[in-house]
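Let me begin by presenting the structure, written as structure tokens, before commenting on it.
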Amino acid sequence: MVEREIKVFDTLEDLSRAAADRLRKRVAEAAPEQKVSVAFSGGTTPRTMFKLLAAPESGVAWERTELFQVDERMVPPDNAQSNFRAIRGYLLVHVPDLQRSFHRMLGEAEDAARAAEDYALTLEAALDTAPGECPRLDLVYLGMGVDGHTASLFPGSPALEETRRWVRPNASPRVTLPRLTLTYPILNAARELIFMVSGADKAETLRAVLEDPIRPRELPAQGVRPAEGRVRWYVDQAAAQRLRRPLRSAP
Ligand code: 6PG
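If you read the sequence shown in our numbering, its first letter stands for residue 2, the second for the next number, and so on.
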């Protein structure tokens, strides 16, 4: 049973503050010796959250986290299109030693399939995965495109059909750069996933994703349905304006 929660915030700032605070709480509630695994998406929506997390007053016990990427464009880390470059600039460089806990997808790799395999091994090792099991991330932050994609799982793209690999290359005529992405198997093994969706341009897509029948090939965000995980939707009023079911605004 997919546990789903939808919270509507007045602004992106409020949404981002709640998303940042969820990370603080998730780390605080973990057992003292436990590390909390967190995966960040790219795109622009998370940047406000990264800035909040970068501030000393974020209260996150970073030394108890292991950080990962949800997806990456196949470009070097200093390329303007690199998701790592954004995460480093908005977050990692502002928190002492945090880059040491961050596992970067190698966007510069010549062999994307090999880079995907290596990243899967990194996840497996860092998350103490039992042989034959899928690594279970504790908290995954996802975005959603206007076309309903999430991670780098694009409508009609080959990676939507992946049932074995946890990380793989993907491409789509909708984007210029080939990608590396986490796939449904590992996303749906996660303990908690937070979608962050902001802006009126996503209102119709958000309505379709949340209220229409499931069709992940057209709306890949619908394919995130963890068997034993919680999915939280943190959306702002602009993105929520087409939702038919009345929703209470987040406190
Ligand atoms: C990427 C992201 C992607 C993103 C959505 C939403 O590499 O671009 O991982 O999945 O989350 O495209 O992007 P915005 O937050 O910029 O709207």
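By construction, the Cβ of each residue, glycine as well, lies at the ideal position given by its N, Cα and C atoms.
Please check the pair residue i and residue j, which I expect to be a contact at CB under 8 angstroms, by giving their CB distance rounded to whole angstroms.
| i | j | result |
| --- | --- | --- |
| A113 | M75 | 6 angstroms |
| L140 | L16 | No, L140 and L16 are not in contact; Cβ-Cβ is about 16 angstroms, not under 8 angstroms. |
| S59 | A152 | At roughly 24 angstroms, the Cβ-Cβ gap does not stay under 8 angstroms, so S59 and A152 are not in contact. |
Taking all protein chains shown into account, do 16 or more other C-beta atoms lie within 10 angstroms of the C-beta of residue i, making it buried, or fewer, making it exposed?
| i | result |
| --- | --- |
| A20 | buried |
| P33 | exposed |
| R86 | buried |
| Q70 | buried |
| I88 | buried |
| I215 | exposed |
| E163 | buried |
| D72 | buried |
| E184 | A small fix is needed here, since residue 184 is Thr in this sequence, not Glu. Classification for T184: buried. |
| G230 | buried |
Out of curiosity, what's the CA-to-CA distance linking residue i and residue j?
| i | j | result |
| --- | --- | --- |
| R287 | K26 | No answer is possible for residue 287: the residues shown for the chain start at 2 and end at 252. |
| G133 | V198 | 34 angstroms |
| G44 | V225 | 18 angstroms |
| L244 | M50 | 24 angstroms |
| L99 | A222 | 29 angstroms |
| V147 | A201 | 10 angstroms |
| D213 | E205 | 11 angstroms |
For residue i, which of helix, strand or coil comes out of DSSP?
| i | result |
| --- | --- |
| T182 | strand |
| Q238 | helix |
| D72 | strand |
| T151 | strand |
| T66 | strand |
| V198 | strand |
| A254 | Because the chain spans 2 through 252 in this model, residue 254 falls outside it and cannot be assessed. |
| P214 | coil |
| N80 | coil |
| L1 | The first residue shown for the chain is 2 and the last is 252, placing residue 1 beyond what the model contains. |
| R137 | coil |
| P33 | coil |
| P47 | helix |
| P159 | helix |
| V96 | coil |
Looking at the strands, I want to know which residues DSSP matches up with residue i.
| i | result |
| --- | --- |
| S38 | E67 |
| P174 | None, per the DSSP bridge assignment. |
| F103 | L68 |
With respect to 7 angstroms, is the separation between the Cβ of residue i and the closest non-hydrogen atom of ligand 3 below this value?
| i | result |
| --- | --- |
| A152 | Within the structure as shown, ligand 3 is missing, the only ligands being ligand 1. |
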